[in-house]
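Visitor:
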Amino acid sequence: MRKTIQTMDGVVFVAGKSKECTNSSCTHFGKHYYATSVLKYSLPYSTYGLDVLAFIGWQHEHEHQQLVEIQRSLKRRGVEINESNVGKLYRQFLALLGGTLAHTQEKLAATAAEHGGVVFVAGKSKECTNSSCTHFGKHYYATSVLKYSLPYSTYGLDVLAFIGWQHEHEHQQLVEIQRSLKRRGVEINESNVGKLYRQFLALLGGTLAHTQEKLAATAAEHGGLIWAIDALQPEGHGTLLYVLYEVLSGTPVSAIQLPQAQGQQLIEWLQPYQKLRYKVLATLSDGESAIIAAMNSSWPDAPHQRCQAHFLSNLSEAVLPLDTKLRQQLKADLDGMPKVPEFSERPQGPGSEQQQDSLPFFQESPICHET
3 MRKTIQTMDG
13 VVFVAGKSKE
23 CTNSSCTHFG
33 KHYYATSVLK
43 YSLPYSTYGL
53 DVLAFIGWQH
63 EHEHQQLVEI
73 QRSLKRRGVE
83 INESNVGKLY
93 RQFLALLGGT
103 LAHTQEKLAA
113 TAAEHGGVVF
123 VAGKSKECTN
133 SSCTHFGKHY
143 YATSVLKYSL
153 PYSTYGLDVL
163 AFIGWQHEHE
173 HQQLVEIQRS
183 LKRRGVEINE
193 SNVGKLYRQF
203 LALLGGTLAH
213 TQEKLAATAA
223 EHGGLIWAID
233 ALQPEGHGTL
243 LYVLYEVLSG
253 TPVSAIQLPQ
263 AQGQQLIEWL
273 QPYQKLRYKV
283 LATLSDGESA
293 IIAAMNSSWP
303 DAPHQRCQAH
313 FLSNLSEAVL
323 PLDTKLRQQL
333 KADLDGMPKV
343 PEFSERPQGP
353 GSEQQQDSLP
363 FFQESPICHE
373 T
């Protein structure tokens, strides 16, 4: 679980890992429980901090302010909220007050005693407070969380390592890896297995020394390199992962995570690879203008080509609905036809067994013309 919450002191990013009940004799065996330490900051499924709830409750109960007045006060303090949500949070505040009663605490204590404790992972971003810095006020991702997963990813680094090992060393296909992960309790589809494998390659490319050797061998064989950039979205939304790879050898070299394509940041990222001694034969990317501008700026003498896979994919968008309609019509027309008999279903004569493997189903014969 991860979310960004609004507090009276600004925006805070929190993350937590739920724990599963492993007591096989328990009626809740296998059930997942919410990460309790996240509740220090906000209620489950809420994007507002507990201090916002406390402010609303105090203003309404002690200052006798109306909900619309409280909403205006919160907006002046930088909390984006409408009057309707102020009302919902006030009702949550009243429900929390009920939780302080003694019998409620006894129930919670009994539940904790029955099911055990909770394991969680949480990270808080830091803000640059150096007013002379060009990044003053910018929030940075909690680096300790990166020990467990990549930014904006809901899969652990151990899942990436498992996918990479199974594909590279066990030579398993992505669909086989997906089935293995599901048997281990990891909910994932084949598409996301592919995305995580590409992330694995990007991480690997930044750590292996022989990447330079691969580039040198490719340049020696082909007279140069072809650079390509592809943008991945692991979760289907949010921050993009830009991967730089060499096309001829298929070698991933570097990756950078950005909220959106920004030419200057991409140029700065490509600077170390621009200085490599190898000749650049061409560059390759999709139609994203920022990527094209960055590659043309980094390698101005190399011709740029749009990726054929992306280009053909764009062309197919107009054809796909017509193709789908045609396939549906063909299926409706052909469903009533009898099944074509297999080779083994042909009636065989006494001596046909020996010739079965050598004769085709439709045997060619000379064409005779009557005269």
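Plus 2 on top of the position in the sequence shown (first one is 1) and you've got my numbering. We put the beta carbon where it would ideally sit given N, CA and C, even for glycine.
#1: Could you say which of E319, T156, G158 and S182 lies nearest to Q2 if we only look at CA atoms?
#2: In three-state terms, what does DSSP make of Y43?
#3: Rounded to whole angstroms, what is the Cα-Cα separation between P274 and Y154?
#4: Where do the N-terminal and C-terminal ends of the alpha helix (DSSP H) with V177 fall, by residue?
#5: Between the alpha carbons of V177 and N84, how many angstroms are there, rounded?
#6: Closer than 7 angstroms by C-beta to E215: which residues in its own chain qualify, once you throw out the five before and the five after it? Chain order, please.
#7: According to DSSP, what are the bridge partners of Y50?
#8: With DSSP collapsed to three states, give me the class of D160.
#9: Buried or exposed for L152, please, with buried defined as at least 16 other CB atoms from any protein chain shown within 10 angstroms of its CB.
#10: Roughly how far, in whole angstroms, is the beta-carbon of A233 from the beta-carbon of Y244, given that I think they are within contact range, below 8 angstroms?
#11: Helix, strand or coil for W229? Go by DSSP, reduced to three states.
#12: So, is K197 buried or exposed, given that buried needs 16 or more other C-beta atoms within 10 angstroms?
#13: Do you know offhand how far E65's Cα is from G59's?
#14: Assuming contact is defined by CB atoms lying nearer than 8 angstroms, are I294 and S287 in contact in what I supplied?
#15: Just to confirm, is the Cβ distance from Y92 to L69 under 8 angstroms?
#16: With the cut-off set at 8 angstroms, would you say L250 and H224 are in Cβ contact?
#17: Buried or exposed for A17, please, with buried defined as at least 16 other CB atoms from any protein chain shown within 10 angstroms of its CB.
#18: With DSSP run on the structure shown, which of helix, strand or coil describes G238?
#19: Are A311 and V282 closer than 8 angstroms when you measure CB to CB?
#20: If I follow the unbroken alpha helix (DSSP H) through S256, where does it start and stop?
#21: Using 8 angstroms as the threshold, is the C-beta distance between V40 and M10 below it?
#22: Whole angstroms are fine: how far does the CA of S315 sit from the CA of L336?
#23: Could you compute how far the alpha carbon of S44 sits from the alpha carbon of I228?
#24: Determine the direct distance from the alpha carbon of Q61 to that of I190, and round the result to whole angstroms.
#25: Can you give the Cα-Cα distance for H173 and A221, rounded to whole angstroms?
#26: Under the DSSP definition of a beta bridge, which residues are partnered with V13?
#27: Is it buried or exposed, Q264, if we count other Cβ atoms within 10 angstroms and call 16 or more buried?
#28: Which residues does DSSP pair with E22 in a beta bridge?
#29: Judging by CA-CA distance, which residue of I179, E192, S48 and L162 is the nearest neighbour of L205?
Guide: On the basis of the supplied data:
#1: Outside the displayed span of the chain (3 to 373) sits residue 2, for which this structure offers no information.
#2: Taking the first residue of the sequence shown as 1, we reach residue 43 at position 41. It is coil, neither helix nor strand.
#3: Counting from one through the sequence shown, the residue named residue 274 turns up at place 272. Counting from one through the sequence shown, the residue named residue 154 turns up at place 152. CA-to-CA, the gap between P274 and Y154 works out to about 26 angstroms.
#4: As a working note, residue 177 is residue 175 in the sequence shown. Element bounds for V177: L176 to R185.
#5: Here residue 177 refers to the residue found at position 175 when the sequence shown is read from its first residue. Here residue 84 refers to the residue found at position 82 when the sequence shown is read from its first residue. Taking the straight line joining both Cα atoms gives about 46 angstroms.
#6: Working through the sequence shown from its first residue, we reach residue 215 at position 213. The answer is none, since no qualifying residue turns up.
#7: For the purposes of this step, residue 50 is taken as residue 48 along the sequence shown, with counting starting at 1. DSSP lists Q8 as partners of Y50.
#8: By 1-based counting over the sequence shown, the position of residue 160 is 158. If DSSP states are grouped into helix, strand and coil, D160 belongs with the helices.
#9: Here residue 152 is taken as the residue at index 150 of the sequence shown, counted from 1. Classification for L152: buried.
#10: In the sequence shown, residue 233 corresponds to position 231, counting from 1. In the sequence shown, residue 244 corresponds to position 242, counting from 1. The pair is a contact, with the Cβ atoms about 5 angstroms apart (cut-off 8 angstroms).
#11: Counting from one through the sequence shown, the residue named residue 229 turns up at place 227. Strand at W229.
#12: The sequence position of residue 197 within the sequence shown is 195, counting from 1. Label assigned to K197: buried.
#13: Along the sequence shown, one-based indexing puts residue 65 at 63. Along the sequence shown, one-based indexing puts residue 59 at 57. Each residue's alpha carbon lies about 9 angstroms from the other.
#14: In the sequence shown, residue 294 corresponds to position 292, counting from 1. In the sequence shown, residue 287 corresponds to position 285, counting from 1. In this structure, S287 lies closer than 8 angstroms to I294 by Cβ.
#15: For the purposes of this step, residue 92 is identified with residue 90 of the sequence shown, where counting begins at 1. For the purposes of this step, residue 69 is identified with residue 67 of the sequence shown, where counting begins at 1. For Y92 and L69, yes; Cβs fall inside 8 angstroms.
#16: Along the sequence shown, read from residue 1 onward, the residue named residue 250 stands at position 248. Along the sequence shown, read from residue 1 onward, the residue named residue 224 stands at position 222. Against a cut-off of 8 angstroms, the Cβ pair of H224 and L250 comes out as a contact.
#17: Numbered from 1 along the sequence shown, position 15 holds the residue referred to as residue 17. Counting Cβ neighbours within 10 Å, A17 comes out buried, since at least 16 surround it.
#18: Residue mapping note: residue 238 aligns to position 236 of the sequence shown, counting from 1. A caution first: G238 carries a pLDDT of 49, below 50, which makes its placement in the model unreliable, though a value can still be read off. Of the three classes helix, strand and coil, the one that applies to G238 here is coil, per DSSP.
#19: Taking the sequence shown and counting its residues from 1, the one referred to as residue 311 is at position 309. Taking the sequence shown and counting its residues from 1, the one referred to as residue 282 is at position 280. Taking 8 angstroms as the Cβ cut-off, A311 and V282 do not qualify as a contacting pair.
#20: As a working mapping, residue 256 is identified with position 254 in the sequence shown. From DSSP, S256 is part of no alpha helix (DSSP H) but of the beta strand (DSSP E) over T253 to L260.
#21: For the purposes of this step, residue 40 is identified with residue 38 of the sequence shown, where counting begins at 1. For the purposes of this step, residue 10 is identified with residue 8 of the sequence shown, where counting begins at 1. Against a cut-off of 8 angstroms, the Cβ pair of M10 and V40 comes out as no contact.
#22: Looking up residue 336 in the sequence shown gives position 334. Looking up residue 315 in the sequence shown gives position 313. Cα to Cα, the separation comes out at about 29 angstroms.
#23: On the sequence shown, residue 44 is found 42 positions in, with the first residue counted as 1. On the sequence shown, residue 228 is found 226 positions in, with the first residue counted as 1. Roughly 49 angstroms separates the two Cα atoms.
#24: Within the sequence shown, residue 190 is the residue found at index 188, counting from 1. Within the sequence shown, residue 61 is the residue found at index 59, counting from 1. I190 and Q61: Cα-Cα distance of roughly 46 angstroms.
#25: Against the sequence shown, residue 173 aligns to sequence position 171. Against the sequence shown, residue 221 aligns to sequence position 219. The alpha-carbon atoms of H173 and A221 are separated by roughly 28 angstroms.
#26: If you number the sequence shown from 1, residue 13 lands on position 11. Answer by DSSP bridge pairing, in chain order: Q8.
#27: Within the sequence shown, numbered from 1, the residue matching residue 264 stands at position 262. That one is exposed.
#28: Taking the first residue of the sequence shown as 1, we reach residue 22 at position 20. Beta-bridge pairing by DSSP links E22 to H34.
#29: Reading the sequence shown from its first residue, position 203 is the one you call residue 205. Measuring from the Cα of L205, the nearest candidate turns out to be L162.
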